[in-house]
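To get the numbering used here, take the position in the sequence shown, counting from 1, and add 34. Heads up, the beta-carbon is just placed ideally off N, CA and C, and yes, glycines get one too.
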Amino acid sequence: MKKILGMAAAGALLFALAGCTASGGASADGPKDTKDLVVGFAQVGAESGWRTANTKDIQSSFKEAGITLKFSDAQQKQENQIKAIRSYIQQKVDVIAFSPVVESGWDTVLKEAKNAGIPVVLTDRAVDSKDTSLYETFLGSDFVTEGKKAGEWALNEFKDASGTVPIIQLEGTTGSAPAIDRTKGFADAIAANPNLKIVASQTGDFTRSGGKQVMEALLKAHPDVKLLWAQNDDMGLGAIEAIEAAGKVPGKDIKIITADATHDGMQAAADGKINFIVECNPLMGKQLIEIVKKINKGEDVPKRIVTDETTFTSAQAKEALPSRKY
Ligand code: GZL
C-alpha cells in the first residue's frame, strides 16, 4: 500500500510540477470553464424519502448548471462508496463529493484522493477523520441540534407528567453521524426531566420496513410506551403501521416525533399521526455547485456549512404541506 501511495504522491507531485493538477482546484492555467468541470458523487443509497429527495435535487441542480455529474448509489454499503471514490480518482474528476454512510473508515481512501490532487466535499454526513485536510468542507445539518429540538418538544409535551414517561427511540443507521448525533442531542435535552425514560433504543436503519419490524417487537416488550422518537420519517411511518396493528392510535395513545419532514412524514403529521417533525433539509444541490465553483477558482470554502432547517407541529405541517418541494 505504501508503495502505491508513494507512487501516487510522486505522480501528483510530477503532475503538479508540470503546471497542472491531477484535477480539481485551480490549475496553473487558472480555473476550468464551468462546462468542462466533472464531479463524482458517491451517494449512500436510496433508503428513505429524504435520500431520494437529496439525490433528485443534486442531479437536477447539476443538470441545470451544465456541470457533468458522475453518480453512484452504494446501497448503504461503505465498501461500495469507497469503490466509487476510487473509480472517480482513476477517472481524474475535478471534485469528489459524497455522503459517508458511516463516520469511520475513510482516511485511507481520502488520502488517495488528496495524493491525486482531487478535492473532496462531504455532503449531508460527516466523517470522524482527525485530519481535516482530507476534505474541503462538510455541508450538512447539525444533527445534535436536531435531536435537541426533538427532546425539547418532549420536555414541553410531558412537563406535567406525574410519573415515568416510557420512550422508545428508533435509531438511524448504526455508526452514521445522524444516528450518533440525534441520539446525543435528544438524550441531553430530556435529561432535564427524570420522568422521561428511554426504555428501548434500536436501529431501524432509516428504512420504513426497519421501523415497522423493530416497533412490532418493542411494542410487545413495552406496551406502556407513551412517546416514540423515530430518527427519520420513514422509520416513524413504519412504526405507525405497527402501532395501528396493535390497536393503538398513533399521535394520541403514543405521541410521535420524527426527523426529516419529507412529504409522507408531513402528511402523517397533518393527519395527526405524527405530533412533531424536526426538518432535515435534503436540498443541497445548489450549495454543492457553489462550493465546486469556488474550489475550481481556488477560492476559500468554510470548513463547515450548516444547512437551514426548522420544525413542524401537526398544525404547521398541515399549513406548509401544499408548498413543500419534497
Ligand atoms: C440526514 C440523512 C438521513 C435522513 C434519513 O441528513 O443522512 O439519512 O435523516 C436518511 O432519512 O436516510
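Consult DSSP for Val-248 and reduce its assignment to one of helix, strand or coil.
Of the three classes helix, strand and coil, the one that applies to Val-248 here is helix, per DSSP.
Consult DSSP for Pro-336 and reduce its assignment to one of helix, strand or coil.
Pro-336 sits in coil when the DSSP states are folded into three classes, being neither helix nor strand.
Trp-187 in three-state terms, based on DSSP:
Of the three classes helix, strand and coil, the one that applies to Trp-187 here is helix, per DSSP.
Distance check for Ile-152 and Asp-165, CA to CA, integer angstroms please.
Near 16 Å, if we compare the C-alpha coordinates of Ile-152 and Asp-165.
For Pro-356 and Asn-229, the rounded distance between their alpha carbons
About 37 Å.
Among Gly-206, Met-249, Ala-225, which has the Cα closest to the Cα of Phe-192?
Measuring from the Cα of Phe-192, the nearest candidate turns out to be Ala-225.
For Thr-157, write down the residues that DSSP places opposite it in a beta bridge.
Under DSSP, Thr-157 shares a beta bridge with Leu-173.
Anyone know if the C-beta pair for Ile-119 and Phe-132 falls short of 8 Å?
Against a cut-off of 8 Å, the Cβ pair of Phe-132 and Ile-119 comes out as a contact.
What residues are listed by DSSP as bridge partners for Thr-292?
Beta-bridge pairing links Thr-292 to Ala-264, Ile-311.
heavy atom of the ligand GZL below 7 Å from Arg-85 C-beta
Yes.
Is Glu-81 a contact residue of the ligand GZL, with contact defined as CB to any heavy atom under 7 Å?
Yes, the beta carbon of Glu-81 sits closer than 7 Å to at least one heavy atom of the ligand GZL.
Buried or exposed, going by whether 16 or more other CB atoms sit within 10 Å of the CB of Gln-125?
Per the 10 Å Cβ criterion, exposed.
Nearest to Phe-177 by CA position, among Asn-315, Arg-358, Gly-319, is which residue?
Checked all of Asn-315, Arg-358, Gly-319; the closest Cα to Phe-177 is Asn-315.
Which same chain residues end up closer than 7 Å to Gly-209 when comparing Cβ atoms and leaving out the 5 residues on each side of it in sequence?
Only Val-136, Glu-137, Ser-138 meet the Cβ criterion.
Contact test: Ala-303 Cβ vs the ligand GZL heavy atom, cutoff 7 Å:
Ala-303: no, Cβ never under 7 Å from the ligand GZL.
Determine the DSSP secondary structure at Gln-115, reduced to helix, strand or coil.
If DSSP states are grouped into helix, strand and coil, Gln-115 belongs with the helices.
Comparing C-alpha positions only, which one of Lys-352, Lys-331, Lys-246, Phe-346 sits nearest to Glu-205?
When C-alpha distances from Glu-205 are compared across Lys-352, Lys-331, Lys-246, Phe-346, the shortest belongs to Lys-246.
According to the Cβ coordinates, are Gly-270 and Ser-243 closer than 8 Å?
Going by C-beta atoms, Gly-270 is not nearer than 8 Å to Ser-243.
Measuring straight from C-alpha to C-alpha, what distance separates Leu-48 and Leu-144?
With a pLDDT of only 44 at Leu-48, under 50, the local geometry of the prediction cannot be trusted, and the value read off the model is given with reservation. Taking the straight line from one Cα to the other gives about 20 Å.
Can you name, in chain order, every residue of its own chain whose Cβ lies under 7 Å from the Cβ of Gln-77, other than the five neighbours on each side?
Taken in chain order, the residues that qualify are Thr-89, Phe-105, Ser-106, Asp-107, Ala-108, Ser-133.
With a threshold of 16 other CB atoms inside 10 Å of the CB of Glu-170, please say whether the residue is buried or exposed.
Buried is the call here.
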